[in-house]
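Chains as they are written, first to last, in my numbering: chain L, -9 to 774; chain C, 20 to 171.
Structure record follows, encoded as C-alpha cells.
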Amino acid sequence: MTTRSFGERIRRNEDPRLLTGRALFIDDIELPGLLHATFVRSPHAHARIRGIDTAAARAVPGVIAVYTAADLGDYWKPGPLLVPPPPIAGIVFNQRCQVPLAKDKVRHAGEPVALVIAQSRYVAEDAAAEVAVDYEALPAVVDLEAALKPGASLVHEDVGSNVSAHCRQTRGDYARAAKGAHLVIKRRFLYDRGTSSPIETRGVVAQWDAKSDRLTVWDTTQAPVGIRDGLAAMLGLSERQVRVVAPYIGGGFGPKIMMFYPEETLVPWAAMRLERPVKWIEDRAEHFLATTHERGQIHDAEMALARDGKILGIRDVFLHDGGAYDPYGLTVPINSQCTLLNVYDVAHYDSTFTAVFTTLPIVTPYRGAGRQHGIFVMERLLDLAARELGLDPVEIRRRNLIPPDAFPYNYGIIYQDFEPLEYDSGNYEPILDKALELVGYQHFLREEQPKLRAQGRRVGIGVVCYVEGTGIGPYEGAKVQVQSSGKVSVVTGIGTQGQGHYTAFAQIVADQVGVKVSDVEVITGDTDQFYWGAGTFASRGAVVAGNAVNEAAKVVRRKILRTAAEHFECAEQDLLVEDGAVHVVGVRQKSIRLGELAGKANPMRGAVEPGTEPGLEATSYFGPKMGATASGVHAMIVEVDRETMMLEVKKYVVVHDCGTVINPMILEGQIHGGVAQGIGNAFYEKLVFDADGQLLNASLADYLLPTALDVPRMTLAHTVTPSPLNPLGIKGAGEAGAIPVGPLFAQALENALGLPAKKIEILEIPLSPSRLWEIACATPTTGR
Amino acid sequence: MRIKTTVNNKVYEREVEPRLQLADLLRHDLGLTGTHVGCEHGVCGACTVLFDGLPVRSCLMLAVQAGGHEIHTVESLAAAPDKLHPLQEAFRASHALQCGFCTPGILMTMKAFLEENPAPTEEEVREALSGNLCRCTGYQNIVDAVMLASKK
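Below you can see the structure in the form of C-alpha cells.
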C-alpha cells in the first residue's frame, strides 16, 4: 500500500475551489428567465388574519405573481412530521406542523403570509411592502409557565392547551434513593434562546423543465434526499422526476436540516406553476425569525447525594420551549433528558418534560440539540453539591464517572434514535486527568490564583465533563467507482456544510484503492448522483457515511484485485495496489494503471458473466445499531474585569475522545468552531423577545456573534476509545465543542468573582457582561 | 445610471439602477460570485472587496459609487486556479476555512491588512480580523494562516 492517509493531517481537497471563489453556493445560481421571490411576513407574534389585499402589489411593474394561502388550493397542507415521538410509555405528542403560508392566523413574528414573485428581488421587495394584511392581534405566548396556566392564550386552539408534548422517563426509584440521601441539592436552571446564524442564510432555487417533466431544486438543506422525496409527494411527481442539489453550503449547524420550511414548499411549486425558474435567498433580517432557533428551557432539578459525593439519584422536571410548531418531534427535549446523565453512573433518575407551544419561531436542533441544557443542569448540580460537601469540583466528578469496565453502559431509558440510551465505549478518567494537566489545575489553584488575587485580579478556573451521543442511524450509502481517468469518484447522499467530507471520505477511499487523496473526487448532496440517504445531522456524517464509503471502497479493492489477477493471469496475493496502479510483485514491468483496468472491467467485447458486474464500482450501505457516544472535558482559566465584566479567557483546554480519527486537522477545526459557538451561547448570544413575542435584537449588530477577539486560542488533546459499533471505530465530533461551554463559564466565573463565598450562584445561560454584573451584585441566592 | 468601473483590472460599462448594491453588481451583473453576501448590514464582512486598494463592504456601497474606481475581488487573488496566492496557500495549509462562505471577505481584508502591516503580531491580526465573522473555525486557524502568510 501507499503511505496511509487515514489518520493523517491531509490538506483539504475542497479548499482551492473555496479559496478562489469558484465554489457554487445557492445565490450563485443564475438561470435564463430567473424570477425572484420574497415573502410577506407577519409583524405580529400572534394574530388572526382578517383579510389580505394583494391588488396594489400585483400592480407594481415587474411583479409576476402574488400568492396567499387561498391561492394554494389543495397544495396548502401542514408540513410532514420529521421525527415521530419515540416509543416511550405514556408519552403525549400533539403534532402541529408548520404551514406553507398562514391562513387564518399567524403564530410567530416572521411567519410567511404571502409570496411575491417578480423580475428582480428589488421589485419583489417593493411589491411585498404593498401587500396589505388586516390583522387582529392576539395575546402572545412567550412565558413557558404562563403558557400552561388556565386561561392562557392558545397557540393552537384545537389542542386545548399549549402542551406540545409530555414525556416521563425513569430509571430505578428516585424517591427512595432521595430518602436515604445525605444531601439533596435543588435548584431552578434557565437556558434561553439563541440562533445558529450561519454566515450563509438559507435559499431555494427551483427550475421546472416542462419539456422533460423534470424539476430541479437547489436548496441549502442538510438533507437533500428527504427534500426530494417530500417534494415529489407534495407535487404529485415521481421521485425520479425531482432532482435536489445541496450545493456548497455556507454553514448549517442544524437548522438547515429542518424540513419543510415554507420556502422549500413554495418556491418549487411556484416554479412549476409559472414555468419559470424562481430563486429565493433569505436575508439576514428574515433569518432571525424564519430559520429555526433553539435552547429555551426551564429546569427544576434536584440531586440526591451520599456523604462521599456519590450521586444517589436525580429528579428533573423541565419545560421546553418548542415554538409555534413541532415538526421535529421531540428530538431536542429527549436529548436534554438523556444527555443530562453525562459521564456519570446514576442509578436513579426521574425526568419529566413538557414541551410548550409558544408564539415564537420554531425550535429544531442547533449544534448540541438539547444536550447543552442537560449538561448544564448536571454540571451545575455537581458544582453546588461539591460546595456543600466541601469537595473539590473535580473530585466530585471523578467519584461519579462511569468506570471503564462498565461499558456498554445502559441507562435503561430511550434515546432520540429510539434505541436504549446505551454508551458503547468510553474511558473517562484519563480524559479528565489530561485536561487537568493541560490547564495546570493544581498549579493554578495553589500558586497562580492566590498570587493574582492578591493583586486584586479576578481570575477563576473551571472544569466540566460532557458526552455527545453521535452517529445515529438509520443509514447512509456510498458509491465508489474507478473512472477511466484513473481518478476515483465517491458519491454519497448526505449534504456537506464545511465538515471536510471531500477530504475525509477521500482519505478512506485512497487507502483502500491505492490512489492519492487528491485523486479521489467526492460528490455529495445531489440526488441524481446518489439516490438514498438521510442527511448530515447529529454528528453522523463521518460515522455513518464514512463507514458506508469504507465498505464500498473495500469491495472496489476486491474487484481491482480480481480484474488485475485475470489480466496478468496471476494470483491476487501476488498483486500490489499502489500509486494508482496494480503491480505484480517482483516483476517491475508488469503493472496496469487503474484507469486502464477500469476499461478492462467494462469491455466492448466479451460478456459480464452471471454474478459479476461491469466496472470497478461498488455501492454499500451502513447503518449502525445505535449511536456512538463521544465524550470529553473542557477546562478554562478566565479573568474578569471588575468594572466592565468583560472576560479574557487566558487558557482553554479541550480533551476529547471521539474514537478513531480520520483527519486530526479537520477534527480540531470542528472542535474549535464548536467551542466558538459555545462561547457565543454562554456569554454573547441571546435572542431577546419582549412580552409581545417581538425579537428585539434581530441584527448582527445587536445579536453578537463572537469575533476573533472573543474566541481564545485553544489547546486540544485527544484520547482514542474506538466505537465497537462500526468497523472504522469512529464516533462523531461535530457538536462536542459547543456542548459544555455554558456550565464551564458558570463554574469559572463563580470562581473568578468569588461568588460562592457570597452565596451567589449562576444558574442561567446565556450570560453577558451586563447580566453577570446583575448577578454578581445581586442579593445571595437562596437555595430551595 | 451609466457607470464605468474597473474590476480585477477589467473595465466594465453598465447601466444600473441608482439603488443597486455594489455586491449585487459584482455578483449578479458581472458574474463575480466569489464575493459573498452574509448580512447586508455591514457586520459580517463576507462581502469585503478592495476599493482602490482599501477594504470596503460591498453590501454597504452602491454600484454607482464604483464609477471611476478600481475594485478587486477574491477572483483576482490567484494567478490561476491551481496557482494560489500565498495568503490562500496559507489558509489551506492552516485549515483556516471550513464552509468557506466567509473566506473571500476575510482574504480581501487580510490582503489589505498585510500590505499595511507586513509583520503583524497575533494580537494585531485578531484586531484586524475582528470585523469579519466566521461561524465555523473559531478563528484560531485563520489567525495562524495570516501569521504564516506574513512570514512568507
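The beta-carbon is built from N, C-alpha and C at its ideal position, and this holds for glycine as well.
Just so you know, these numbers come straight off a predicted model, no measurement behind them.
The three-state reading of DSSP puts residue 671 of chain L in helix, counting H, G and I together. Taking a beta-carbon distance threshold of 8 Å, residue 529 of chain L does not count as an interface residue toward chain C. The alpha-carbon of residue 392 of chain L is positioned some 41 Å away from that of residue 151 of chain L.
Note on residue 332 of chain L: 16 or more other CB atoms within 10 angstroms of its CB, so buried under the neighbour-count rule. Chain L places a beta carbon closer than 8 Å to that of residue 120 of chain C, counting this residue as a contact. DSSP places residue 270 of chain L in no alpha helix (DSSP H) but in the uninterrupted beta strand (DSSP E) bounded by 268 to 271. Distance from residue 674 of chain L to residue 702 of chain L at the Cβ level is roughly 13 Å; contact not present, criterion being Cβ atoms closer than 8 Å. When C-alpha distances from residue 182 of chain L are compared across L:257, L:309, L:112, the shortest belongs to L:309.
Judged by their CB atoms, residue 484 of chain L and residue 466 of chain L are nearer to each other than the 8 Å cut-off. Against chain L, the beta carbon of residue 100 of chain C has neighbours under 9 Å at 6, 7, 10, 12, listed in chain order. Going by C-alpha positions, residue 93 of chain C is about 16 Å away from residue 168 of chain C.
Following the DSSP letters along the chain, one finds residue 312 of chain L in no alpha helix (DSSP H) but inside the beta strand (DSSP E) bounded by residues 301 to 313. In this structure residue 42 of chain L touches residue 121 of chain L by the C-beta definition: roughly 7 Å separates them, less than 8 Å.
Apart from sequence neighbours up to five positions away, the residues of its chain that approach residue 746 of chain L with a beta-carbon distance below 7 Å are 377, 740, ordered along the chain. For the pair residue 283 of chain L and residue 499 of chain L, the Cα-to-Cα distance works out to about 37 Å. Annotated as distal: residue 28 of chain L and residue 131 of chain L, with beta-carbon spacing of 8 Å or more.
In the DSSP assignment, residue 441 of chain L falls within the unbroken alpha helix (DSSP H) covering 439 to 444. Below 8 Å, enough C-beta pairs join the segment 195 to 215 of chain L and the segment 235 to 254 of chain L to call them touching: three or more. Contact between residue 72 of chain L and residue 319 of chain L is confirmed by a C-beta separation of about 6 Å, below the 8 Å threshold.
Between the C-alpha atoms of residue 162 of chain L and residue 306 of chain L there is a straight-line separation of about 14 Å. Taken in chain order, the whole beta strand (DSSP E) runs of length 3 or more contained in the segment 439 to 511 of chain L are 448 to 460, 466 to 472, 478 to 482.
Residue 169 of chain C: not part of any beta strand (DSSP E); member of the alpha helix (DSSP H) spanning 159 to 169, first to last residue. Along the segment 146 to 161 of chain C, the positions whose C-beta sits under 9 Å from a C-beta of chain L are 146, 147, 148, 149, 150, 151, 152, 153, 154, 155, 156, 157, 158, 159, 160, 161, read in chain order.
Identification of chain L residues near residue 107 of chain C by a Cβ-Cβ cut-off of 9 Å yields 5, 6, 9, 10, ordered along the chain. Pairwise C-beta distances place the segment 365 to 377 of chain L out of contact with the segment 488 to 507 of chain L, as fewer than three of them are shorter than 8 Å. Contact of residue 110 of chain C with chain L is assigned, a C-beta pair being separated by under 8 Å. Taking C-beta atoms as the reference points, residue 53 of chain L and residue 92 of chain L fail to come closer than 8 Å. In the DSSP assignment, no residue is bridged to residue 521 of chain L. The bridge partners DSSP lists for residue 198 of chain L are L:205. Put simply, the CB of residue 334 of chain L is far from chain C, with every gap to its CB atoms at 8 Å or more. Between residue 459 of chain L and residue 381 of chain L, the CB-CB gap reaches or exceeds 8 Å. For residue 15 of chain L, the neighbours in chain C by C-beta distance under 8 Å run, in chain order, 52, 55, 120.
With a threshold of 8 Å between beta carbons, residue 662 of chain L makes contact with chain C. The beta carbon of residue 362 of chain L does not come within 8 Å of any beta carbon belonging to chain C, so the residue lies off that interface. Rounded to whole angstroms, the gap between the alpha carbons of residue 63 of chain C and residue 662 of chain L is 19 Å. Residues of the segment 70 to 103 of chain C with a C-beta atom less than 8 Å from some C-beta of chain L are 92, 93, 94, 96, 97, 100, 101, 103, listed in chain order.
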